[in-house]
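Heads up, the sequence shown is in this note's numbering, so the first residue is -16 and it goes up one at a time.
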Amino acid sequence: MNKKTLFSGIQPTGEIHIGNYLGALKNWVNLQSQYNCIYSVVDLHAITIYYDPAKYQETILNTAMDLLAIGINPKKSILFVQSQVPQHTELCWLFNSLVPIAELERMTQFKDKAAEHKENINAGLFDYPVLQAADILLYKTAMVPVGQDQLQHLELTNTVVKKFNNKFGKYFEEIKPIINEGARIMSLTNPEKKMSKSLGPNNYIALNDAPEIIRKKIMSAVTDTGPAGAAMSAGVKNLFDLLKLFGATAAYEKLMSAYDNKTLKYAELKSELAETVIVQLKPIQEKRKKLENNKKQVIKILANGAVQAEKIAQKNMAEIKQKMGLL
Ligand code: TRP
């Protein structure tokens, strides 16, 4: 059976939270049975904003350990660090000659990040989507699971596909996004906004938060925002969504009918959710601890992943260069 190739990347920018997990990463785990999955810790993308070089190797390793802990299986999938496969940057350069500047200037993520990091609007930040197109197309990928916010980058990737094929002859297939619908987790302290590290530690639950931290954060989650008597508030809805997504269906039904009867105490909902999250994260945290105690093995897994990825990359790169008249 010829499985299709799937690629996705995650930036090593610090702790992974349950918003990342439920919104995207849990799906990465499930997709492993259907596709040839290639997952990358995209360290070259993350250097386009501020980072600490002295801690960067540790951050990259932590991200990889989180992925392994949630169930990315190196026996089934390729897991590697982007900068260990030099063809990513090489292909990025080749694609640079195909992408109009005007297309990059339209990218909302570039505009947002440029506004957020005014003191550091570097050429890498501008070129970020071209490196992403290179990540994807280097493996002749068919499917790309991403969040809604990445759709524009995938459209740009398909622009590269068209331009390349027109100019050099058909080689790449159009890629298809896989969007995880309905798992948009909101901030605990500011439930009108998406859960995000940039809003501070109390607005998210990290995969590695200890039980007492999880309890504290959930018990102090904002519930009643918006006018009294209105439909369910964003905060309460978010807690219910989390309960369901973490699999506590029976508790969800029971508490939801209490809500409908107006007998629900938010403290009850919160403590039910906190205990659910603690139980669900426990196996991930235990696996993570084991990996933490065996970092050498993690480094080996990543090195082996890079070898596997580079094998495919080398073959495709030679074909691409031939098409472009570079070989
Ligand atoms: N830009 C993506 C993000 O911020 C990360 C990423 C880099 C990526 N390269 C990729 C995602 C290739 C999918 C495919 O989430």
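By construction, the Cβ of each residue, glycine as well, lies at the ideal position given by its N, Cα and C atoms.
Values in this document were obtained by computation on a predicted structure and should not be read as measured data.
Spatial distance of residue i from residue j (CA atoms)
| i | j | result |
| --- | --- | --- |
| K206 | W11 | The identity of residue 206 in the sequence shown is Thr, whereas the question assumes Lys. Taking the straight line from one Cα to the other gives about 30 Å. |
| A166 | K177 | 11 Å |
| N221 | Y33 | 31 Å |
| T72 | A233 | 49 Å |
| A217 | G6 | 17 Å |
| D224 | T246 | 19 Å |
| Q135 | V143 | 13 Å |
| P36 | K153 | 41 Å |
| N45 | P69 | 22 Å |
| L171 | A301 | 49 Å |
| L87 | V113 | 9 Å |
Residue i beta carbon near the ligand TRP (any heavy atom closer than 7 Å)
| i | result |
| --- | --- |
| G(-8) | yes |
| I188 | no |
| H0 | no |
| H136 | yes |
| V25 | yes |
| H100 | no |
| I55 | no |
| D118 | yes |
| Q131 | no |
| Q280 | no |
| V127 | yes |
Residue i vs residue j beta-carbon contact at 8 Å
| i | j | result |
| --- | --- | --- |
| A117 | I158 | no |
| I267 | I53 | yes |
| A292 | I61 | yes |
| S(-9) | P128 | yes |
| Y4 | L182 | no |
| G(-3) | I168 | no |
| M48 | L274 | yes |
| T31 | N(-15) | no |
| N79 | D110 | yes |
Interface flag, residue i vs chain C, CB-CB below 8 Å
| i | result |
| --- | --- |
| G308 | In the structure shown, chain C cannot be found, because there is only a single protein chain. |
For residue j and residue i, believed in contact at Cβ under 8 Å, the rounded distance
| i | j | result |
| --- | --- | --- |
| I83 | A29 | It should be pointed out that residue 83 corresponds to Pro in this sequence rather than to Ile. That belief does not hold up - the Cβ atoms of P83 and A29 are roughly 25 Å apart, past 8 Å. |
| V25 | L285 | Not quite, the Cβ-Cβ distance comes to about 13 Å (not below 8 Å), so this is no contact. |
| A257 | Q67 | Wrong, their Cβ atoms sit about 39 Å apart, outside the cutoff. |
| F155 | K123 | 7 Å |
- [ ] Go through the stretch -6 to 52 residue by residue and report every complete run of the alpha helix (DSSP H) that reaches 4 residues or more, in order.
- [x] 9 to 14, 26 to 29
- [ ] Taking only runs that begin and end inside the stretch 75 to 151, name each unbroken alpha helix (DSSP H) of 4 or more residues, in chain order.
- [x] 84 to 88, 91 to 99, 106 to 120, 134 to 151
Task: Every unbroken alpha helix (DSSP H) inside the stretch 165 to 206 [4 residues or more] - done: 194 to 202
Open item on the list: Just to confirm the assignment: which complete beta strand (DSSP E) runs, minimum length 3, are found wholly within the stretch 209 to 240?
Closed with: none
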